[in-house]
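Participant:
Residue numbers (my numbering): -11 to 415.
#1: Could you give the DSSP three-state label for residue 146: helix, strand or coil?
#2: Just to confirm my understanding: we take residue 189, look at its own chain, exclude 5 residues before and 5 after, and list those with CB closer than 7 Å. What are they?
#3: Would residue 298 and residue 272 qualify as a contact pair, given that the criterion is a beta-carbon distance under 9 Å?
#4: Along the alpha helix (DSSP H) that carries residue 56, what are the first and last residues, could you check?
#5: CA-CA distance, residue 207 and residue 373?
#6: On the three-state DSSP scale, how would you describe residue 167?
#7: Since residue 94 and residue 331 are thought to touch, with beta carbons under 8 Å apart, how far apart are those beta carbons, to the nearest angstrom?
#8: Expressed to the nearest angstrom, what Euclidean distance is found between the alpha-carbon atoms of residue 100 and residue 232?
#9: For residue 213 and residue 318, I'd like the C-alpha separation in whole angstroms.
#10: Can you find at least 3 beta carbon pairs, one from the stretch 51 to 60 and one from the stretch 110 to 121, that sit closer than 8 Å?
#11: Check the DSSP bridge columns for residue 139 and list the partner residues they point to.
#12: On the CB-based measure, 16 or more other CB atoms within 10 Å of its CB, does residue 122 come out buried or exposed?
#13: I think residue 127 touches residue 5, with their Cβ atoms under 8 Å apart; what is that distance to the nearest whole Å?
#14: Less than 7 Å between C-beta atoms, sequence neighbours within five positions excluded: which residues of the same chain meet that for residue 117?
#15: Less than 6 Å between C-beta atoms, sequence neighbours within five positions excluded: which residues of the same chain meet that for residue 31?
#16: Would you call residue 3 buried or exposed, if buried means 16 or more other Cβ atoms sit within 10 Å of its Cβ?
#17: Could you give the first and the last residue of the continuous beta strand (DSSP E) run that contains residue 110?
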């Protein structure tokens, strides 16, 4: 590894929320970020991503990406960049595998819907309910998942990851709201000590995952859009970034067919990934060198306060234009509009049901509420009398836990839950 890579022996980067030995008795030696990666891989939230929408839901077909395959592609791209730049491969992989564990069912519409509910509430006859004036953002939720919602022992909540992994997961996308230019609000439910929400990740590994996520979205969502027919292949060929890529690699589409073969589409997308990785690598080397020349180490660590893993200005302008074009084509399509509308309705109705009738929630959610609010360890449903339920409905913790429960659902489980809540048993 290069001198600017995150070090496995860094006391600042490897510290955890709860102190634990580096190598517990009876285990083989593993570096701290390797342990993080393994804990994420074995988490329930990681497995659930297999059944969460990326762009198109599972009914669309077997070859469309889901949240898990997207995560694996981000990991591959990030590791390719990180290995070439001499970064800490295990930290790169840990951040990449954990970056989206806080995503909701049904893609980004789930995130937006839960955010609106928590911030603005839901209409119920003559009043608004569920207003706690907090946000729901998937990168913050990913941190909440690994810090409190997953578990590995009885002593504490969460899977106790290192600071570097936690900070990288949070920083894989922006932490500042465009409208207010202030950080997203999560109340006191997150430990954000030593994390500057307005700055990029302090490790190059965290910055690498952030840009790998952008590359994956730009290229792989584009491929799914072309496969679906929402994006026309001939339209794609007119995009400036695609033109540059084809010229660089000498790619010529089949001009004797109105329907280019899958191999041709795949060939272009594959090279577009390589084209963007190459640009990031070339640009980042210069920025890293320039940063190191003007800074000094802190306790042997390089802590980066500027974005050093970036695209070149020219490529970034074209990539941004391509990404915006892809998003508009897909999001504004009839198919995605219908899917998003149904998904928003499902989530709102489930939230309303759980709020009005808390006993419809599973035991583990109710038990969690009782433990956190009342310090009740021996939970049973008899505790939830009318007075307790009324108290819960005015408690922001309870409302946040409903959001956690719905946000953790897979597409299929959310659909089944909606049917169970609202469909008569004889249908």
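Here a beta-carbon is modelled for each residue, glycine too, at the ideal position from N, C-alpha and C. None of these values were measured; they are calculated from a predicted model.
Facilitator: With the given structure in hand:
#1: strand
#2: 155, 156, 159, 195 and 198
#3: yes
#4: 55 to 73
#5: 53 Å
#6: coil
#7: Yes, residue 94 and residue 331 are in contact; Cβ-Cβ is about 4 Å, under 8 Å.
#8: Cα to Cα, residue 100 sits roughly 35 Å from residue 232.
#9: 7 Å
#10: Too few Cβ pairs lie closer than 8 Å, so no.
#11: Answer is 146, bridged to residue 139.
#12: Burial is judged here by how many other beta carbons sit within 10 angstroms of a residue's own beta carbon; residue 122 has at least 16 and is buried.
#13: With a Cβ gap of about 18 Å, residue 127 and residue 5 do not count as contacting.
#14: For residue 117, same chain residues with a beta-carbon under 7 Å away, outside a window of 5 residues either side, are 109, 110 and 343 in chain order.
#15: Same-chain partners within the cutoff: 138.
#16: exposed
#17: 110 to 112
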